[in-house]
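Chemist: So that we are looking at the same thing, I have put the structure below in structure tokens.
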Amino acid sequence: MNKIILITGSIFGFLGIIIGAFGAHVLKPLISFEAQQTFETGVRYQMYHAILLLFVGSTVLIHQKTKKTMFYLILIGVLFFSGSIYGLSTNTLTSFDFKSIGFITPIGGALLIFAWLIMFMNFLKNTSKNDYK
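Anchor point for the sequence shown: position 42 equals 952 in our numbering, and the numbering is continuous, going up by one each time.
As structure tokens, then:
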């Protein structure tokens, strides 16, 4: 599972750089300033969670079951949160109305929050067992 987590984190990071550059260079003249800021929010959260996945996949401080749960929460959370933000911020450029799926943005955000909460609970649970020596 660690390898899958690390590969996914690397892919999210790689794509985050490409999507961010695309937004900064290609989309800048095509969308409003507010839409640019929204797009950048999606990139920023994707990158935060790419780094989180790299940590999760490489640490022994998180149990494997917790890692697996976090992986799926982050994977779906980033796809829903950042993915829908990319669509919503470029809505004027497409024929598809991304506002119709805008409800998945907060669902994605909630999944990301749960991933962090589960990690926090893992740390609290294991600190009393001296697992971090």
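Where a beta carbon is used, it is the ideal one built from N, C-alpha and C, also for glycine.
1. Specify the secondary structure class of F1024 as computed by DSSP and reduced to three states.
2. DSSP on G939, reduced to helix/strand/coil?
3. Counting contacts by CB-CB distance shorter than 9 Å, is F932 in contact with chain B?
4. Quick one: what does DSSP say M1031 is sitting in, helix, strand or coil?
5. Can you tell me whether F990 is buried or exposed, with buried defined as 16 or more other CB within 10 angstroms of its CB?
6. Whole angstroms are fine: how far does the CA of T1004 sit from the CA of W1026?
7. Buried or exposed for Q947, going by 16 or more other Cβ atoms inside 10 Å?
8. For T1000 and I941, which I take to be in contact (beta-carbon distance under 8 Å), what is that distance rounded to the nearest angstrom?
9. At which residues does the alpha helix (DSSP H) containing T918 begin and terminate?
10. Just confirm the distance between the C-beta atoms of F922 and H973, as a whole number of angstroms; I'd bet it's less than 8 Å.
Modeler: Judging by the given coordinates:
1. helix
2. Reading the sequence as shown, one finds Pro at residue 939 and not Gly. In the structure shown, P939 sits in coil (DSSP, three-state: anything other than H, G, I, E or B).
3. Absent from the structure: chain B. Only one protein chain is present.
4. It is helical.
5. buried
6. 34 Å
7. With fewer than 16 Cβ atoms within 10 Å of its Cβ, Q947 is classed as exposed.
8. 6 Å between Cβ atoms; contact.
9. Secondary structure note for T918: its alpha helix (DSSP H) is the uninterrupted segment 912-932.
10. Between H973 and F922 the Cβ distance is about 22 Å, and since that is not below 8 Å, they are no contact.
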